[in-house]
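J.:
Number of protein chains: 2
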Amino acid sequence: MDSSFAIIAEPNRRAILGLLASSERSVGEIERRLRMPQTSVSKHLRVLREAGFVESRVEAQRRVYWIRPEPLMEVDAWLAPFRHFWTAHVDALERHLDRMGRAPRKGKNR
Amino acid sequence: MDSSFAIIAEPNRRAILGLLASSERSVGEIERRLRMPQTSVSKHLRVLREAGFVESRVEAQRRVYWIRPEPLMEVDAWLAPFRHFWTAHVDALERHLDRMGRAPRKGKNR
DNA sequence: CGCGTATATACTTATCGGTTCATATGCTCG
DNA sequence: CGAGCATATGAACCGATAAGTATATACGCG
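These protein sequence lines map, in sequence, to chains C and L.
Residues in the first sequence are numbered consecutively from 722, following my numbering.
Residues in the second sequence are numbered consecutively from 722, following my numbering.
(1) Do residue 728 of chain L and residue 768 of chain L count as a contact pair if the criterion is CB distance below 8 Å?
(2) Quick one, are the C-beta atoms of residue 790 of chain L and residue 807 of chain C less than 8 Å apart?
(3) Taking 7 Å as the cut-off, is the beta-carbon of residue 736 of chain C closer than that to any non-hydrogen atom of the ligand NAD?
(4) Measuring straight from C-alpha to C-alpha, what distance separates residue 744 of chain L and residue 763 of chain L?
(5) Output needed for residue 752 of chain L: all residues of its chain with C-beta closer than 6 Å, excluding positions within five of it in sequence on either side, in chain order.
(6) Name the chain L residues that come within less than 9 Å of residue 735 of chain C, Cβ to Cβ?
(7) Between residue 784 of chain L and the rest of its own chain, which residues show a CB-CB distance below 6 Å, the 5 nearest in sequence each way excluded?
(8) Taking only beta-carbon positions, decide if residue 774 of chain L is within less than 8 Å of chain C.
(9) Per DSSP, residue 783 of chain C forms a beta bridge with which residues?
(10) Express the C-alpha separation of residue 782 of chain L and residue 830 of chain C in angstroms, rounding to a whole number.
(11) Does the beta carbon of residue 781 of chain C come closer than 8 Å to any beta carbon on chain L?
(12) With a CB to CB cut of under 7 Å and the five nearest residues on each side skipped, what residues in its chain are close to residue 757 of chain L?
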């Protein structure tokens with residue numbers, strides 16, 4: 722329903738994503754690091770999971786969560802039309818790189 | 722009050738920013754293009770202005786609004802720690818460019 | 001002047017999402 | 001099997017806010 726933007730509007734969710742940026746973590750780890758109630762962590766993780774921001778696996782009694790990049794890429798893409806405001810003089814180079822493929826081989830495209 | 726993220730969580734506001742990305746516009750123009758009530762446009766513009774996303778000048782009876790990049794840069798910056806997820810193999814090149822100053826040729830005419 | 005257009009603002013209402021508390025489920029180990 | 005930890009889920013509560021309505025202000029022109 723809501724866009725990815727609504728999801729990352731919540732500071733605690735951004736904090737969680739920030740933690741997961743460096744490596745995957747269990748719920749308990751997140752709880753301790755961010756000093757936020759477990760129930761809250763769980764609920765935010767649920768929202769993040771349903772929105773495709775994270776994925777989880779069960780490891781005995783724990784659940785380990787990690788980042789899925791797609792929704793964040795979407796946000797990144799939305800910023801594109803604005804980037805020239807702060808990178809004006811490099812635009813030409815950027816476009817050049819894009820045209821060159823920017824991610825040459827490596828199959829597995831959509 | 723809330724972070725820039727909360728501001729762009731609103732779809733109408735993103736639409737307005739999207740319009741302004743290409744060029745400055747008056748309130749009436751935005752109203753017509755987006756087919757949204759004037760009062761709504763005004764209110765969103767107010768929010769955007771107070772959050773530093775746009776700036777306006779008075780031109781006779783009209784107000785012309787345009788983008789201020791700072792808050793969007795902030796969002797762009799927040800994405801940095803995640804970018805390696807979708808640009809992993811280009812990272813080296815990116816860092817290289819950054820180290821070089823990102824604006825190699827000095828022949829730029831001004 | 002006085003009307004029409006352009007824009008902003010106050011007020012109200014309904015909705016939404018986050019937090020808290022209580023409880024449920026499931027796994028591990030003794 | 002039963003205790004205890006890790007995590008999830010549900011319900012009530014509460015504050016924020018978007019949208020609608022109505023009105024106010026400013027300008028420009030005949």
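Yeah, the Cβ is synthetic: ideal placement off N, Cα and C, and Gly gets one too.
Small disclaimer: the values here were computed from a predicted structure and weren't measured.
T.: Taking the structure as given:
(1) Position 47 of the second sequence holds residue 768 of chain L. Position 7 of the second sequence holds residue 728 of chain L. In this structure, residue 728 of chain L lies closer than 8 Å to residue 768 of chain L by Cβ.
(2) By 1-based counting over the second sequence, the position of residue 790 of chain L is 69. By 1-based counting over the first sequence, the position of residue 807 of chain C is 86. Yes, they are a contact pair.
(3) For the structure depicted, the ligand NAD is absent and the ligand set is empty, with no information on it obtainable.
(4) Stepping through the second sequence from its first residue, residue 744 of chain L is reached at position 23. Stepping through the second sequence from its first residue, residue 763 of chain L is reached at position 42. Cα to Cα, the separation comes out at about 18 Å.
(5) For the purposes of this step, residue 752 of chain L is taken as the residue at position 31 of the second sequence. Closer than 6 Å at Cβ, skipping near neighbours: 759 and 762.
(6) Position 14 of the first sequence, counting from 1, holds the residue named residue 735 of chain C. Those within 9 Å of residue 735 of chain C in chain L are 724, 726 and 799.
(7) Here residue 784 of chain L refers to the residue found at position 63 when the second sequence is read from its first residue. Counting only Cβ-Cβ distances below 6 Å, and skipping sequence neighbours, we find 748 and 777.
(8) Stepping through the second sequence from its first residue, residue 774 of chain L is reached at position 53. Cβ-Cβ to chain C under 8 Å: no for residue 774 of chain L.
(9) By one-based count along the first sequence, residue 783 of chain C stands at place 62. Residue pairing by DSSP places residue 783 of chain C opposite C/780 in a beta bridge.
(10) Stepping through the first sequence from its first residue, residue 830 of chain C is reached at position 109. Stepping through the second sequence from its first residue, residue 782 of chain L is reached at position 61. Unreliable positioning characterises residue 830 of chain C in this predicted model, as indicated by a pLDDT of 42, which lies under 50. The coordinate reading is nonetheless provided below. The alpha-carbon atoms of residue 830 of chain C and residue 782 of chain L are separated by roughly 51 Å.
(11) For the purposes of this step, residue 781 of chain C is identified with residue 60 of the first sequence, where counting begins at 1. No, its Cβ sits nowhere closer than 8 Å to a Cβ of chain L.
(12) One-based indexing of the second sequence puts residue 757 of chain L at position 36. 733, listed in sequence order.
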